[in-house]
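Have a look at the structure below, then the notes.
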Amino acid sequence: MNYKPAPEGFAGVSLMKEKFTQVGKSVPRVDAPQKVKGEAIYTGDMTLPGMVYGKIKRCTEYAHAIIKKIDCSKALALPGVLAVLTGDEAPNKWGIVPQSANETALAVGKVRFHGEGVAAVAAVDEETAEAALDLIEVAYEPLPVLLDPFESMERAGEMLIHEDSPGNILHAGDQVYGDVDKAFTECAYVLEKEFRTSYVNHAFLEPHSALASYDPQNGQLHLWASSQVPHYLHRQMSNVLEIPMNKIRVTLPTVGGGFGGKGEAASSEFIACLLSRKTGRPVKVTFERNEVFFTHKGRHICYMKMKIGLDKNGYIQAVDFDNTLDGGAYAGWGVVVMFYTASMIHLPYKVPNARARVRRVYTNKPTCGAMRGLGGVQPRFAMECLLDELAEMMGVSPYELKIKNAVESGHTAINNLYVPHSEYKKCLQTAVEKSGYLEKHGKLPFGKGIGLAGGYYISGTAYTLYQSYKPHTSVLLRVDTEGGVTLHCAAAEIGQGCTTVMAQMAAEALGIRYEDVHIVLGDTELGAFDLGSFASRLTYAAGAAIKEAAAEINQKLKEVASGMLGCRADQLAIKDRKIYSMYETKKTIEWEKVVQACVNSVGALTSIGHYSPPRRKGIDLISGNRVQGANIGHSPTFGFSCQIHEVDVDLETGRIRVTKVTEAGDCGQAVNPMSVEGQVEGSIMFAMGQALYEEIKLDENGKLLNPSLHDYKTPTVMEMPEMDTNIVDSYDPTAPFGVKETGEGAVQPTIPAIVNAIDDAIGVRFTELPITPEKVLKALKKKKEAD
Amino acid sequence: MRLPKFQYLEPATLAETIPLLMEHQGRSKVIAGGTDLLVALKQRLHTPAYLISLSNLAALKGIREEDGMVTIGPLTTLEGVSAAPLIREKLPGLAQAAWEVGSPLLRPMATIGGNLCLDNRCRFYNQSLFWRSARQPCCKAGGKVCHVTNKENACFSTYSGDVAPVLIALQAEIKLVGSQGERILPLEQFYTGDGRRPNLIGGGEAELLTEIRIPLSSHTGCMYKKYRLRDSIDFPVVGVAVALRLDQPQGICREAKIVITGVGSRPVEATQAGEKLTGREMRPEFILAASETAAAEIHPVRTDQVGPSFKRHLVRVMVAEIIRELGGVDR
Ligand SMILES: Cc1cc2nc3c(=O)[nH]c(=O)nc-3n(C[C@H](O)[C@H](O)[C@H](O)COP(=O)(O)OP(=O)(O)OC[C@H]3O[C@@H](n4cnc5c(N)ncnc54)[C@H](O)[C@@H]3O)c2cc1C
Ligand code: SF4
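Residue numbers (the numbering used here), protein chains in the order written: chain A, 1 to 787; chain B, 788 to 1118.
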């Protein structure tokens, strides 16, 4: 096990919580003023001397076609054009999962979705670059377009989207734990249903942007990019460009949101770098909104069959899950997302027998990838809706059924997922009490309804995506008399607020104030290693690394202070910028004085802390036994939440309005409660979009119909309900500062809670998203006819 | 997306503007608030060599009342219209319609004149050049065939402005000024019903909209309701304006004008539905008959994300709802 010991060796949970002075405070976000004033610098705002502009020629004609010929000669002849680029010039494949990496910077040989890039140009200004794109002539030979995953599998004999993927299947897997079939025969209540989720995009505000500067003299490449994963981007850039990683530096200016959409490298980044190397000039490539939709990497469309069986007392006996994921044209995060959907049926309830059969299929659509709550949102929708219906079959409240089955601290799931700590029951109780769910459910007038759903999410992953044992996060702390305290880490602030919570945690660990800590993030050269902002991992991982680094600094300071105060170093404590004896409080000295003394005597203080998550597959380090189980889904700890949505269905127009949401979340110790609240409210808006409004639409040829934020309908502030978010009292004693996650767990319950509320309102159980007014009216009509 | 290159002209007076319009006819566009035009330029729906700005024409701004007539300058912003005490008090339906346009960010820029001159919309037309280049140009974009109906030489793009229905229901008139002088005509005659050239000056005629006049005596009550996919930003799926003239509160209807946006190539007046109410008391059965008739009178085409039958259903529901509210009738 890699758990770090609790600070200063204390055990009592409440005692430790009281000790916090920096963690647990709603301090303002350190990056907020700049953003609010419009002063934050995004990649798109940057210019470098001699910089030119890159633009991408995309295939408008077909969603699937062989590239017969690309003629760039006219484009190259246009005055102001410095270089053109085609896929053949950079054929090395990239992809976040190395085993399935199959994307190229630009299409090689054929295009697999409408809007795929086939060539790029660098020119002195955007006008010239655009004019040059029109001069590039591409000849295509159209191929059959496969848009439906079932059709794609069926017609694979006739047409393969990727030559090396038989059946048009990227990967398929079965995960069987226990004896599901036998368990069902012994169940008193069994329910099976099909569900389908929709094709949605993250709709982050800042489109992808990349600015690359290659220095032909020293072969050094500097890339500024809007990314969540500077490290994975760095690694893949090295593969594609065939430049060693130590010759590449990735820097993140301000990032305007990611939500998973910037959770892998983007073609903009490769093209900027390739064009910069080709021209010897800095090149900037900024996507337009429609390019964000083409490159996509949003939520997988899932065709799910789920079956749940309960014994006569309502305890879950078995879950059977079949999932066909429509992944679009390339692999991306596909395998990972697929296995996450399989793993997500094991929590947040105790499931003694579980079977998942999953496959991720290629189609001629923009590729699906990682999106906030990756792999969880789809099975959660199915599971929480089925449990609601099962409760109805049993004649009990869904609350009763869910709390009865809810996992508790120390739970090991049948697939070996280990939950060190859970306050899920407290989440259910809090939300139910605060919303008056039990008094309202089933008792509201027709058209009004209330629905409950629970959820959970990982708080970091157990493995890197390529084989490696290195720590997932390292932080470097530097303390001196000039800069004060500086924390260096190559983590990505994408708007989630990690800069602020890292400052709070560092300040807590060092016994100073969060304003005293400078945080240097988002640079692979200036920062110590970090894996990236995904899987809700950073607060936990950085927290652990910070504690380790701070302990070393504190030890050095205590040793110096002990001489100054005349007492033993191990009897000293550091708090509120003071170092004092725990036993003789008179013996106190200013923290800064000790730093000065320390620097004067031994030089500047630095230390580095690491975090490696526990591995839960392979050989158990303690017992020596071989541990079975899926390697995806493991996490050092898990966050839980419950949401209760109240809806108003307009029976005449079919319009659904969510009027109130009561949420209760177990995010462990909240480092910054205000940030938690922001994450939760944002999550509700985010998932509500998928439930009621958003969907990417394609025509029968696979051409995107609504690749703009005018036609792609994200909810606006006018659609937002009243929100009552509650942080339940929680502290994971195995976690640094007791923390867990809140950025992705809170998106999990939203869709099923809305769907359950709609059922409560009008007695219709929707199984497909989004639930538009037209669908509601149709369903109401059908119901009327049936009655 | 970037704007295409153009030359920007800023005439100081109306008298200077008309000759410019004539001189650059066919190569220029008039710009008021620009909230619609700039999007269209970025999408390369138009690439005029000149933009003629109206921003200096102070005479075209403002609201006043004279002899039972409210006059609004076309350069008055929608924010200005919806917030004006005079409009809120005497023409609340108009204030409501102006307030329903777009979002709070647009209304301080968007003008009422630009709103009335709004080009028709279609899901195949209001798209980026890149989007459109994936298909043959449709009739409205200068091609042969309509992608919605597959018909040749016909465009069914939808008029989607929010303000015109109320103004037509209120029997407003407009003044157009051009090289030939000025003319005054009922607003409803401004709209052609031709999706390619939806109003009298939409074809680049050298004429300006300079005044909107609304008689106060034409009605006893007027209301506008808008149904959209989201409660901000979006154009109407359906917008319904009704103006009624009752002989006394809850009395007999002397005149009813029902005008609907989002359902045809112009603001569509449901005349037969209006007639169903004329001479009648405000009773549920007449209201129902009127709403059914209105739904039958419109012929929406699938030019946005919503199907025609849903639009018809919405019209039925919304017309009945507004008349009930105006007539003080319970459900
Ligand atoms: C995101 C978004 C949402 C929108 N939502 C809505 C909505 O919900 N409802 C709605 O009705 N509209 C909506 N619009 C369209 C537009 O913003 C409004 O209709 C606005 O009122 C147009 O006014 P403007 O002054 O900005 O017009 P401009 O863009 O300046 O002009 C529009 C057209 O009118 C012409 N024009 C303007 N003034 C005159 C004049 N005095 N004489 C002759 N021609 C003139 C211009 O040449 C141009 O062709 C939306 C636009 C956007 C971008
Ligand atoms: S209705 Fe037809 S012709 Fe008119 S804009 Fe739409 S597609 Fe083009």
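C-beta: ideal position from N, C-alpha, C; glycine also.
So which residues on chain B does residue i lean against when the C-beta distance must stay under 9 Å?
i: residue 246 (chain A); result: Those within 9 Å of residue 246 (chain A) in chain B number zero; the least Cβ separation is about 38 Å.
i: residue 782 (chain A); result: Correct list: empty, because the minimum Cβ distance to chain B is about 15 Å.
i: residue 777 (chain A); result: 1097 and 1100
What does residue i touch in chain A if you count any residue whose Cβ is under 7 Å from its own?
i: residue 1014 (chain B); result: 653
i: residue 886 (chain B); result: Near residue 886 (chain B) there are no residues of chain A at all, since even the closest Cβ is about 13 Å away, more than 7 Å.
i: residue 788 (chain B); result: 288
Just to confirm, is the Cβ distance from residue i to residue j under 9 Å?
i: residue 748 (chain A); j: residue 484 (chain A); result: no
i: residue 123 (chain A); j: residue 74 (chain A); result: no
i: residue 1031 (chain B); j: residue 856 (chain B); result: no
i: residue 377 (chain A); j: residue 324 (chain A); result: no
i: residue 191 (chain A); j: residue 487 (chain A); result: no
i: residue 679 (chain A); j: residue 746 (chain A); result: yes
i: residue 260 (chain A); j: residue 534 (chain A); result: yes
i: residue 546 (chain A); j: residue 736 (chain A); result: yes
i: residue 915 (chain B); j: residue 130 (chain A); result: no
i: residue 509 (chain A); j: residue 561 (chain A); result: no
i: residue 169 (chain A); j: residue 64 (chain A); result: no
i: residue 666 (chain A); j: residue 635 (chain A); result: no
i: residue 276 (chain A); j: residue 354 (chain A); result: no
i: residue 351 (chain A); j: residue 391 (chain A); result: no
i: residue 406 (chain A); j: residue 349 (chain A); result: yes
Per DSSP, what are the beta-bridge partners of residue i in this structure?
i: residue 142 (chain A); result: A:65
i: residue 640 (chain A); result: A:456 and A:666
i: residue 175 (chain A); result: A:356
i: residue 1056 (chain B); result: B:1046
i: residue 856 (chain B); result: B:853 and B:1002
i: residue 220 (chain A); result: A:215
Note down, in chain order, every chain B residue with its Cβ under 7 Å from the Cβ of residue i.
i: residue 718 (chain A); result: 1017, 1018 and 1019
i: residue 60 (chain A); result: 917, 920 and 921
i: residue 89 (chain A); result: Those within 7 Å of residue 89 (chain A) in chain B number zero; the least Cβ separation is about 24 Å.
i: residue 126 (chain A); result: 789
Cβ closer than 8 Å: which chain A residues qualify as neighbours of residue i?
i: residue 1104 (chain B); result: 652 and 653
Output, in chain order, the set of chain B residues within a Cβ distance shorter than 8 Å of residue i.
i: residue 147 (chain A); result: Going along chain B, no residue has its Cβ under 8 Å from residue 147 (chain A), so there is no contact; the nearest lies around 15 Å.
i: residue 79 (chain A); result: Within chain B, no residue comes near residue 79 (chain A); the closest Cβ sits about 17 Å away, beyond 8 Å.
i: residue 693 (chain A); result: 1016 and 1017
i: residue 774 (chain A); result: 1093, 1094 and 1097
i: residue 715 (chain A); result: 1017
So, under 8 Å CB-CB, residue i and residue j are touching, yes? Tell me the CB distance rounded to an integer number of Å.
i: residue 945 (chain B); j: residue 1117 (chain B); result: Contact flag wrong, Cβ pair sits at about 34 Å.
i: residue 873 (chain B); j: residue 850 (chain B); result: 6 Å
i: residue 664 (chain A); j: residue 756 (chain A); result: Not really, about 16 Å apart at Cβ, beyond 8 Å.
i: residue 989 (chain B); j: residue 1026 (chain B); result: Actually they are not in contact, since the Cβ atoms of residue 989 (chain B) and residue 1026 (chain B) sit about 20 Å apart, beyond 8 Å.
i: residue 1045 (chain B); j: residue 1066 (chain B); result: That pair is no contact at about 15 Å.
i: residue 935 (chain B); j: residue 817 (chain B); result: Rounded, the Cβ-Cβ distance is 28 Å, inconsistent with contact.
i: residue 43 (chain A); j: residue 226 (chain A); result: 5 Å
i: residue 681 (chain A); j: residue 539 (chain A); result: In fact, because the Cβ distance is near 18 Å, the residues do not count as touching under 8 Å.
i: residue 926 (chain B); j: residue 983 (chain B); result: 6 Å
i: residue 595 (chain A); j: residue 557 (chain A); result: 7 Å
**Asked** For the segment 647-672 of chain A, which residues have a CB atom closer than 7 Å to at least one CB atom of chain B, in sequence order?
**Response** Legend: CB atoms of the segment 647-672 of chain A lying less than 7 Å from CB atoms of chain B belong to residues 652 and 653.
**Request:** Return the residues of the segment 1027-1057 of chain B that lie within a Cβ-Cβ distance of less than 9 Å from chain A, sorted by chain order.
**Result:** Answer in chain order: no residues at all.
**Message:** Run the Cβ filter for me: residues under 6 Å from any heavy atom of ligand 4, listed in the order they occur in the chain.
**Reply:** As for ligand 4, it is missing from this structure, which binds only ligand 1 and ligand 2.
**Message:** Taking beta-carbon pairs under 8 Å, can you tell me which members of the segment 1081-1103 of chain B lie near chain A?
**Reply:** 1092, 1093, 1094, 1097, 1100 and 1101
**Item:** Contact residues within the segment 197-226 of chain A, judged by C-beta distance below 8 Å to chain B
**Value:** none
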